[in-house]
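Protein chains in written order, with this note's numbering: chain A, 56 to 479; chain D, 56 to 479.
Worksheet for the structure shown next.
Pasting the structure below:
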């Protein structure tokens, strides 16, 4: 039996070479259908969703646990079973879907119940977010922001090269792709104003990020090694950390962003497993100065993962690609982030979500926020229809896509999309 | 039938006038006993705990819900029933405990099952923390810290008088009184050092706070009025926001405190209801400049609530009181904090915990942290046994007590205690 990551594997379901969901991927999500509104766990394969609750109830999927893991409204119960169960289940699903495996392929009744056209299902939040933490780990992004606000000579803060800087975000407003984002109101004080006023954000932005989905837990008062942290990572999602730049500017000294980041964070509905991304591991940028021993890495913990950002203006029919970059540019890896997160003895939980921080590359067209792309509003983007943008207008949509390119196949995330609604 | 807050009410259980738990209080907690390890909800009355799961199963307590609310390991299910249920249940409990009420008083069998000596029960976390947010709302505290780090002329940041400043804290390490606190490790870079090192925190501190327990929810994309925010407050706890000053100093620019506050936050096991505190509402300090309209208050939203802090040094037998202050000094009220928290459209949830921020009063002996009491280490405290402290040593315990003083009775919180354990 070949490994589920084997590039030669084929499914009996036809999957196009540009599909995000070949048999080498098998990402997990939570869905419902008009006929069956109970939420349950599924796996994307080509244009279909495989209903794992059906497979489990038929005895075709063993998790090792006594209770069912997939007839659940979130992935949390499955994640809590740990990395051995994750690997075993993925191998079983791969086996069921292979072109030469008859169990599902030749059982028309089962196929009808277990394989649902993806266009007919409603996708929901894939997991219950225990805690949401947002990092700041792209050197290019931190440098760009630093130059804009402090000038070239003081761009990076002195701690940035030593610590994977982060703040705790707000878990209550992490939402699945497609959820509308209401333009936040807040206190605004442009430099020209004497006093602040309360009103709709005028500098609404996105941040292109990846999110780590933590599938394990650590005890309060203990720390994590690189290997332990790596083992706790269940998978990854695309993440858009919506940001109100004007609210942020006035509120963030000295305790960091609060309401500027609290109104919405969008994630992709599909969680791509760490295992599926293994073939695409690469070494990250050289870290200089060398990190402190607790942050040093023996493994390559970055991923060669292509990212594209589209903006569809309110009245435009077509979206314009405004950024193309790669997850591999991140200075601090997800493993380093998780090790640092637990370094004080902070307990980590199943369902914790770690935003990578805005992913900007070294080139101008690789920037991961409107703040950087429009250089703080000074260089508006020209969209194909002739419209210009510095920050979002009501009705604008932002779409992020991401995938790893294999030989003749892609391991992708689908996309995460959000549309800006007027303030209420 | 008189209101449960009536100062004249007496219980058939003897309650001393200095007890925190007279019939006018009735705070909620979660407990277990050696005989019955299942966690359930109870109410403190004098030296006893009233087992609400027993009362409910006997049909003596109606919540209006179909499912049981008290045979649960947290208060969340009860809180989700809303403020009418909270009031109704409190009135029923008060009725059952009155000196002239025979139901429980004259039923020896029921009394034995439902009234347990407080010394025999184990208290647990009273609610599942959905999100933990920590404010910074004492003008005296913010000013003291500002003077220490930026000098007298720039003590308060420009935004402080306009915004109830806050950051998202880490919910995973909010623990009940009595839980040991392991001295955190982290990156330290004293001003004299060229580069940071990783090791045990050398400036471990407490912060004296109150915590608001949110019992209601708000939808993403909506805001809250003063009245709505007030109605959503289920109750209050004492809170110690343990802080690693040296980790904080090196990490907090520009995104705020992270690992410096992530290793532990202790709360009292008893949640005193907002209703029980009603008789002690007072007007807060005058707010100048006038807050923006969304933060203006028609009601008195502060509380006259005495607070005392004891430090028991590792080898000392007796604790020394190192601060005496009052919750009424807070510049921003809990209601203003909650209104601001939702102002961007941030969804609030049942079980959210809002730390008030360190409570310091105008006088030198009213300061709520060792940072302020020892003036950043420059003025060590002399303890009765002759020992001195600037920050905590291993084995030290910190105890916070709090109560409102009625005429002949107290509405109190018990205490929150935590002991510092060596780094592991």
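Backbone N, C-alpha and C fix where the C-beta goes; we use that ideal spot for every residue, glycine too.
No experiment lies behind these values; they were computed from the predicted model shown.
- By alpha-carbon distance to residue 200 of chain D, the top candidate from D/447, D/460, D/466, D/412 is D/412.
- A distance of 8 Å or more separates the beta carbons of residue 384 of chain A and residue 410 of chain A.
- DSSP places residue 58 of chain D outside both helix and strand once states are collapsed to three, so it counts as coil.
- Cβ neighbours of residue 359 of chain A within its own chain (closer than 7 Å, five residues either side excluded): 335, 337, 381, 383, 459.
- The C-beta of residue 214 of chain D comes closer than 8 Å to at least one C-beta of chain A.
- Residues of chain A with a Cβ closer than 7 Å to the Cβ of residue 217 of chain D are, in chain order, 242, 251.
- 8 Å or more divides the Cβ of residue 78 of chain D from the Cβ of residue 63 of chain D.
- At least one CB of chain A lies nearer than 8 Å to the CB of residue 302 of chain D.
- For residue 301 of chain D, there is no enclosing beta strand (DSSP E); the residue is part of the alpha helix (DSSP H) that begins and ends at 300-306.
- At a cut-off of 8 Å between C-beta atoms, residue 384 of chain D does not count as an interface residue with respect to chain A.
- At least one C-beta of chain A is nearer than 8 Å to the C-beta of residue 349 of chain D.
- Contact of residue 268 of chain D with chain A by beta-carbon distance below 9 Å is absent, the smallest such distance being about 16 Å.
- For the options D/309, D/420, D/302, the alpha carbon positioned closest to that of residue 209 of chain A is the one of D/309.
- Put simply, the segment 344-357 of chain D does not touch the segment 261-278 of chain A. Fewer than three CB pairs are less than 8 Å apart.
- When DSSP states are grouped into helix, strand and coil, residue 75 of chain A belongs to the coil group.
- Neighbours of residue 318 of chain A across chain D, judged by C-beta separation under 8 Å: 275, 276, 399, 400, 401.
- If you ignore the 5 residues before and after residue 198 of chain D, its C-beta comes within less than 8 Å of the C-beta of 210, 211, all in its own chain and listed in chain order.
- Here the alpha carbons of residue 362 of chain D and residue 461 of chain D stand approximately 15 Å from one another.
- When the Cα atoms are used, residue 156 of chain D and residue 67 of chain D turn out to be separated by approximately 8 Å.
- The beta carbon of residue 381 of chain A sits no closer than 8 Å to any beta carbon of chain D.
- If you check each beta-carbon in the segment 221-246 of chain D against every beta-carbon of chain A, the ones closer than 9 Å belong to 221, 222, 223, 224, 225, 226, 227, 228, 230, 234, 235, 236, 237, 238, 239, 240, 241, 242, 244.
- Within chain D, the residues whose beta carbon sits less than 9 Å from that of residue 299 of chain A are 399, listed in sequence order.
- For residue 352 of chain A, DSSP records no beta bridge to any residue.
- For residue 311 of chain D, the C-beta contacts it makes with chain A under 8 Å involve 222, 307, 309, 310, 311, 312, in order along the chain.
- Straight-line spacing of the CA atoms in residue 112 of chain A and residue 290 of chain A works out to 25 Å.
- Residue 423 of chain D is classed as buried because its beta carbon has at least 16 other beta carbons within 10 Å across all chains shown.
- With its beta carbon at least 8 Å from every one in chain D, residue 450 of chain A lies outside the interface.
- Following the DSSP letters along the chain, one finds residue 96 of chain A inside the beta strand (DSSP E) bounded by residues 91-100.
- For chain D, none of the residues of the segment 352-384 of chain A brings a beta carbon within less than 8 Å of one of its beta carbons.
- Cβ-Cβ distances below 6 Å link residue 392 of chain A to 190, 219, 409 in the same chain, with the five nearest sequence neighbours on each side left out; the list follows chain order.
- Pairing residue 311 of chain D with residue 294 of chain A, the inter-Cα distance amounts to about 22 Å.
- In this model, residue 396 of chain D and residue 376 of chain D are separated by some 34 Å (Cα to Cα).
- In the DSSP secondary-structure assignment, residue 375 of chain A is bridged to A/366.
- Against chain D, a Cβ distance below 7 Å from residue 404 of chain A picks out 227.
- Taking a cut-off of 8 Å for Cβ pairs, the segment 318-330 of chain A and the segment 173-185 of chain A touch, as three or more such pairs fall below it.
- Counting other Cβ atoms within 10 Å of its Cβ, residue 273 of chain A reaches 16 or more and is therefore classed as buried.
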